[in-house]
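Sequential numbering from -4 applies to the sequence shown in my numbering.
For every residue, glycine included, the Cβ atom is placed at its ideal position computed from N, Cα and C.
Because the structure is a prediction, the values reported are computed rather than measured.
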Amino acid sequence: MDQQHSEKNIVQRKWNASSRDKYENRPLRFAWQNPTVSRFINNHYLDGSYGVMYVLKNYMEERIINKALELGGGIGDTALQLHDLCDIREFTVIEISDYCVEIGNKRSAEHNLNIQFIQGDLNYLELPSDTYDLIVANGSLHHINRLEHLFSQVNSALSDSGVFFANDYMGPSYMQWTKVQLHIMNSILSCFPDRYATTSHRNNEICKTIKPIPIEIFQKYDPSEGVRAAEIFKVMSTHLNVERVIPICHSILYELLRGRIHNFDDDDLQDRFVLELMCMFEKILYDYAVVDSDFNLVIAERKLH
Ligand SMILES: C[S@@+](CC[C@H](N)C(=O)[O-])C[C@H]1O[C@@H](n2cnc3c(N)ncnc32)[C@H](O)[C@@H]1O
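And the structure:
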């Protein structure tokens, strides 16, 4: 089997398994799933919006969306929410995992929605030109190697007044954290009491150090994870007209709280205080340019070449 197909198989297997877990167990993994953290993001980065998709809803107000497309739609959480928020007549979702396609179509039928999930690889996607009024990518771009191909397809597939909306990790490729990021994360971790440091992806072991993950580990378990994340914005802006960039930072909290966020009880005043303090600290680091924003929302429109 050639490298392209073997990588595709690894990626498909990975997403079949993790999406099944997501659908069946709804695990708490990432900082933004915590209500205190998501409230902080909404209030301090998103102008008081109720969440990322509300930013899009506000941007699309008054626009007619005949055809929408989501790139890498998973089990359909984003598509279902968007369908609720915006008036979309025809909605297609492209997804590499056959499990996600099956669950997405099942959920769409259960809710009687006109959302169709189709299996496809975004690296080799061919789209009809001048077709979509809205194309959305929520957390899928950092899995794409052939960014130039994908963005050129997106640009030509947008209708005249079409909008491309992305919400993604755009930090160091393969999550190779900078020295500054590692230093800040490990300094904070060293202050954590044991009860904040149990780590779900390490069998709830207490873990107070974050080490760089060797690239070979990514290649073995998921060669797509963050593959060209640091280049996403640059490649996107050569192909599309970027209208707005909204930073949501997460350059410390993403890795610091990954697999540790379940230790923070949102009904506990002290836990909420600690989380809010860390969110504020991260924002100050970003405001004073100590760290870049690793997670960003981008709104773009068609570029005439
Ligand atoms: C972080 S999840 C986001 C899922 C969804 N957008 C959401 O908001 O719930 C990334 C998704 O991208 C999909 N994906 C990764 N690489 C892909 C590729 N090359 N082609 C199509 N989908 C891909 C994965 O299967 C996964 O469902």
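query: How far does the alpha helix (DSSP H) with residue 34 in it reach, from first residue to last?; result: 30 to 39
query: How do the stretch 126 to 144 and the stretch 101 to 113 stand: do at least 3 beta-carbon pairs fall below 8 Å, yes or no?; result: no
query: Can the beta-carbon of residue 68 be found closer than 7 Å to that of residue 85?; result: no
query: Is it a yes or a no for the stretch 270 to 289 touching the stretch 50 to 60, going by three-plus beta-carbon pairs under 8 Å?; result: no
query: Please report how far the alpha carbon of residue 233 lies from the alpha carbon of residue 268, in whole angstroms.; result: 42 Å
query: Which residues bound the beta strand (DSSP E) around residue 290?; result: 290 to 296
query: Over the uninterrupted beta strand (DSSP E) stretch that includes residue 83, give me the two end residues.; result: 83 to 90
query: Can you give me the Cβ contacts of residue 60 inside the same chain, cut-off strictly under 8 Å, excluding the 5 residues immediately before and after it?; result: 81, 82, 83, 84, 128 and 129
query: Work out the CA separation of residue 44 and residue 178 for me, nearest whole Å.; result: 32 Å
query: Between the beta-carbon of residue 256 and the beta-carbon of residue 12, is there less than 7 Å?; result: no
query: Specify the secondary structure class of residue 163 as computed by DSSP and reduced to three states.; result: strand
query: State the DSSP-derived secondary structure class of residue 155, mapped to helix, strand or coil.; result: strand
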